[in-house]
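The sequence shown begins at 60 in our numbering and counts up by one.
Okay, so here's the structure we're looking at.
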Amino acid sequence: MTIRDVARHAGVSVATVSRALRGSDLVHPATRERVDAAIEELRFTPSQLGRSLAERRHAANGIVFPDLSGPYYADVVLGYEEVAATLGRSVLILSTHNRESADEMVLELAGRVDGLAVFGRTVHDDVVAEIVQRGVPVVLMARTEIEGADSVRTENVAAAASVVEHLLADGHRRMSFVGDPSDSTDVAERWAGFRGALAQSGAEVPERTIPAGFKEDDGARVAADLVADGLPDVVVCANDELALGLSVALAEQGVQVPGDVAVTGWDDVMAARYAGLTTVRQPMREMGGRAARMLDARISGDRSEPRHDVLTTQLVVRHSCGPHPKEAHR
């Protein structure tokens with residue numbers, strides 16, 4: 060017996076049988092009873108592979124990242140894979156590493172999976188639009204919305220403003236921002252929140268960022284320029300790895316953090332907690348898991364309209380930005 064036999068016997072579609080087997084709320088109770096009766100009468104045992112073949116699905120999701128190194132991406136992938144596994148879906152992971160052929164690689168992967176999760180600005184908008192037009196469900200992570208695709212990201216603007224407000228309350232006035240807004244939607248929003256909060260307070264607003272990537276080595280490279288140009292009161296970094304690399308390199312040059320300059324990061328990776336880094340905690344693993352559920356709902360037909368989720372972030376104050384009340388620590 061196959062899922063098609065059950066559908067024929069119950070007088071419903073294969074998709075309806077599949078939804079009934081998953082316990083979807085979209086199946087009317089009376090229809091579910093007919094499906095259950097057909098399953099019992101035919102002594103049908105569901106097969107994930109058979110169900111996938113009958114529905115012309117692959118039982119696999121694709122997930123695309125620009126890179127897989129570092130704790131941030133690892134947490135997102137873990138969150139995604141944990142949820143996908145409970146939903147009976149395998150995961151094909153593609154890391155483009157900024158290759159020139161990234162667009163072609165992603166388009167090829169889209170043809171081998173039931174749905175695709177795309178992280179950040181890994182590929183151009185027109186590539187995502189083409190995949191959506193093909194009828195492949197797409198969920199975007201840490202990226203602005205694109206018509207027809209779901210999206211999940213974390214809040215950045217208000218959180219960046221809360222960082223600035225805390226630093227101003229600590230007495231800091233001259234602030235620099237390290238990161239590249241042109242390379243990431245998240246960084247662009249953090250830069251906007253940073254500038255907006257400074258402008259609103261009447262403090263000095265930097266005209267431009269100090270461009271850098273996301274890795275510790277990028278922070279180390281920035282350190283020498285900061286020392287040569289004259290240290291600000293505080294350096295707000297686009298992520299924790301950047302902030303940690305910067306702090307270590309500054310210490311090697313005899314600059315004390317926070318004694319000579321305060322430093323903040325973003326993400327709240329494990330190393331940030333041990334290093335006492337003030338940062339913004341964002342739910343990386345939850346973002347991955349949320350993306351997997353959103354994609355499953357679109358693949359299964361449980362939802363047809365795009366959905367856009369924004370997850371909450373939280374300022375975590377530690378000693379890297381100087382002395383402050385004990386109750387502010389996390």
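Here a beta-carbon is modelled for each residue, glycine too, at the ideal position from N, C-alpha and C.
Beta-carbon of residue i versus every beta-carbon of chain D: anything under 7 Å?
| i | result |
| --- | --- |
| A208 | You won't find chain D in this structure, because it holds only one protein chain. |
Got a sec: does the ligand ZN put a non-hydrogen atom nearer than 6 Å to the Cβ of residue i?
| i | result |
| --- | --- |
| A119 | No copy of the ligand ZN appears in this structure; indeed no ligand is present at all. |
Under 7 Å Cβ to Cβ from residue i, same chain only, skipping five residues before and after it: list those, please.
| i | result |
| --- | --- |
| V281 | V237, I269, A271, L305 |
| D162 | V182, H183, V186 |
| A208 | V187, V191, V197, V198, L199, P365 |
| A308 | G278, A279, A282 |
| A262 | L227, R232 |
Taking the alpha carbon of residue i as the reference point, which residue from the options has its own alpha carbon closest?
| i | options | result |
| --- | --- | --- |
| A219 | T338, D355, R377, C380 | T338 |
| R81 | V197, D355, C380, E140 | D355 |
| G348 | Y333, I98, M200, L309 | M200 |
| Y333 | D95, E364, D299 | D299 |
| I358 | E99, H68, G147 | G147 |
| V328 | S149, A297, V177 | A297 |
| E214 | L370, A89, V71 | L370 |
| L153 | D126, F253, R193 | D126 |
| V295 | T61, G324, V76 | G324 |
List the residues that DSSP assigns as beta-bridge partners of residue i.
| i | result |
| --- | --- |
| F178 | M200 |
| G121 | L151, L175 |
| H367 | S210 |
| V295 | F236, T323 |
| I269 | V237 |
Excluding the 5 residues flanking residue i on each side, which residues of the same chain have their C-beta closer than 8 Å to its C-beta?
| i | result |
| --- | --- |
| G360 | A74, R78, L85 |
| S128 | K274 |
| R202 | V177, F178, G179, R180, S210, R212, T244 |
| G70 | R93 |
Compute the beta-carbon to beta-carbon distance between residue i and residue j, rounded to the nearest angstrom, for a pair I have assumed lies under 8 Å.
| i | j | result |
| --- | --- | --- |
| S379 | P291 | S379 to P291, Cβ: 14 Å. No contact. |
| A21 | V198 | Since the first residue of the chain shown is 60 and the last is 389, residue 21 is not available in this structure. |
| V293 | H225 | About 10 Å separates the two Cβ atoms, so there is no contact after all. |
| A176 | Y139 | 7 Å |
| G252 | V216 | 4 Å |
| V135 | M353 | Rounded, the Cβ-Cβ distance is 14 Å, inconsistent with contact. |
Only counting the same chain, and skipping five residues up and downstream in sequence, which positions put a Cβ closer than 6 Å to that of residue i?
| i | result |
| --- | --- |
| V375 | D327, T338, R340, R389 |
| E204 | S210, H367 |
| P240 | V246, A247, W250 |
Is it true that the region 166-180 meets the region 312-321, where meeting means three or more beta-carbon pairs spaced less than 8 Å apart?
-> no
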